[in-house]
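Here the structure is laid out as structure tokens; the discussion comes afterwards.
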Amino acid sequence: MNKSEAFKLISECHLASLKNRSPELKKVLSSLSNYEKILLAYLVTPDDITVSFTDIGGLDEVVNDLRESVILPLVYPELFTQYGSLLAAPKGVLLYGPPGCGKTMLAKALAKESRSNFISIRMSTIMDKWFGESNKLVDALFSLAKKLQPCIIFIDEIDSFLRERSSTDHEVTATLKAEFMTLWDGLVSSGRVLVLGATNRPGDIDSAFLRRMPKRFSISLPNAEQRTKILDKLLSDVDVECDVQELVDITEGMSGSDLKELCRNAAVNSTREYIRRHLIDVNGDLVGGGGGRKITMRPLELKDFIDSMEPDRVMKLKLTTDLD
Numbered sequence: 001m002n003k004s005e006a007f008k009l010i011s012e013c014h015l016a017s018l019k020n021r022s023p024e025l026k027k028v029l030s031s032l033s034n035y036e037k038i039l040l041a042y043l044v045t046p047d048d049i050t051v052s053f054t055d056i057g058g059l060d061e062v063v064n065d066l067r068e069s070v071i072l073p074l075v076y077p078e079l080f081t082q083y084g085s086l087l088a089a090p091k092g093v094l095l096y097g098p099p100g101c102g103k104t105m106l107a108k109a110l111a112k113e114s115r116s117n118f119i120s121i122r123m124s125t126i127m128d129k130w131f132g133e134s135n136k137l138v139d140a141l142f143s144l145a146k147k148l149q150p151c152i153i154f155i156d157e158i159d160s161f162l163r164e165r166s167s168t169d170h171e172v173t174a175t176l177k178a179e180f181m182t183l184w185d186g187l188v189s190s191g192r193v194l195v196l197g198a199t200n201r202p203g204d205i206d207s208a209f210l211r212r213m214p215k216r217f218s219i220s221l222p223n224a225e226q227r228t229k230i231l232d233k234l235l236s237d238v239d240v241e242c243d244v245q246e247l248v249d250i251t252e253g254m255s256g257s258d259l260k261e262l263c264r265n266a267a268v269n270s271t272r273e274y275i276r277r278h279l280i281d282v283n284g285d286l287v288g289g290g291g292g293r294k295i296t297m298r299p300l301e302l303k304d305f306i307d308s309m310e311p312d313r314v315m316k317l318k319l320t321t322d323l324d
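What follows is the structure, given as structure tokens:
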């Protein structure tokens, strides 16, 4: 079985599981083309999305703006089309900023809250895996989204596909971009299909495509207030024996993803300490009787977090503070 056949088999299995969700979804899925079925491998229904806006810290202003300008028009199109297309949901939205700052998480939460189906795809995947059939799959991408609306087409690293056009573009790539733009323009204002892009290089995106994403949100590295909110969420059910403000002060320049990894590693350090002290004997063997053992972990200390940091950051802290 080659890669193409294996991928189609996965899509068929996914199709079978999706048909059990609801009568409405089953009806839509029963009339799909072969190319639309292939794209089902990238589909996530809102019920399968586990992240929501309540899980995201430090992006309150962005979340509020998304609710007002994107989610409400998707959920209540009959209200937001009372003034023609002036208040309709935008056909395109761009999330941009450094890696690890929550763009993908925000995209999933947007789909969850708007009860939209979510097709998450990288155009490079289509071009590499389905070379020669890319145009048909791009056409199927939009036709599938229309059948599943409300639907969000999420394109991560959108700059890699929609970068500034040049005379050196491969003919297939140029044709694919033109097809994508035509289909994008064909979305009606009363429809509920949104193209949502994410990038850390917005300057590389072709200006013609940028115009089709009038709503753009900068998702930058969190400031002190935002880091406080992120850490409060990450440590909400963790016993911590240090001032969160101390953590905020020593994590300047870290992304949300960095902060999550820092907290995870701090917990790992404490757990390793417990294992060495209580679960391993002098010979290095595990102590028996694992099930039912009462375990009491000590609170996480500031040292656990510092020990989890990169050496360069720790050295910088020692040079700029009285850290021992």
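Numbering (UniProt numbering), first residue to last: 1 to 324. Just so it is clear, CB atoms sit at the ideal spot from N, CA and C, and this is done for glycine as well.
Opening and closing residue of the alpha helix (DSSP H) in which residue 35 lies: 34–39
In the DSSP assignment, find the unbroken beta strand (DSSP E) run with residue 156 in it and report its ends. 151–156
Selection from 158, 141 and 198 that minimises the alpha carbon distance to residue 182: 141
What first and last residue would you give for the alpha helix (DSSP H) that runs through residue 50? Unbroken run through residue 50: none, as it is neither H nor E.
Once the 5 residues before and after residue 144 are set aside, which same chain residues still bring their CB inside 6 Å of it? 36 and 39
Report the partner residues of residue 81 according to the DSSP bridge assignment. BP columns for residue 81 are empty, so no partner.
For residue 163 and residue 204, the rounded distance between their alpha carbons: 5 Å
Return the CA-CA distance between residue 368 and residue 293, expressed in angstroms with no decimal places. It is not possible to answer for residue 368, since the shown part of the chain is limited to 1 through 324.
Does residue 280 come out as helix, strand or coil in the three-state DSSP assignment? strand
Can you find the residues in the same chain that come closer than 6 Å, C-beta to C-beta, to residue 201, ignoring five residues on each side of it along the sequence? 159
What is the DSSP secondary structure of residue 118, reduced to helix, strand or coil? strand
Quick check on residue 94: does DSSP put it in helix, strand or coil? Of the three classes helix, strand and coil, the one that applies to residue 94 here is strand, per DSSP.
Can you check which of these residues, 269, 191 and 109, is closest to residue 154 by C-alpha distance? 109
Selection from 195, 304 and 171 that minimises the alpha carbon distance to residue 135: 171
In this structure, does DSSP put residue 205 in helix, strand or coil? Judged by DSSP in its simplified three-state form, residue 205 adopts strand.
Ordered along the chain, which non-local residues of its own chain (more than five positions away) have a Cβ less than 6 Å from that of residue 152? 111, 116, 118, 194 and 196
Among 269, 106 and 30, the one whose alpha carbon lies nearest that of residue 199: 106
Measure the C-alpha to C-alpha separation of residue 76 and residue 27 and round it to an integer number of angstroms. 23 Å
Just to check my reading of the structure: residue 97 and residue 220 have Cβ atoms closer than 8 Å, yes? What is that Cβ distance to the nearest angstrom? 5 Å
Report the rounded CA-to-CA distance for residue 216 versus residue 61, giving the unit in angstroms. 13 Å
Kindly indicate the opening and closing residues of the alpha helix (DSSP H) around residue 134. 134–147
When DSSP builds the beta bridges, which residues end up paired with residue 331? Since the first residue of the chain shown is 1 and the last is 324, residue 331 is not available in this structure.
Alpha carbon to alpha carbon, how far is residue 309 from residue 53? Approximately 28 Å between the Cα atoms of the pair.
Going by DSSP, what residue range makes up the beta strand (DSSP E) through residue 177? No beta strand (DSSP E) contains residue 177, which is instead part of the alpha helix (DSSP H) from 171–185.
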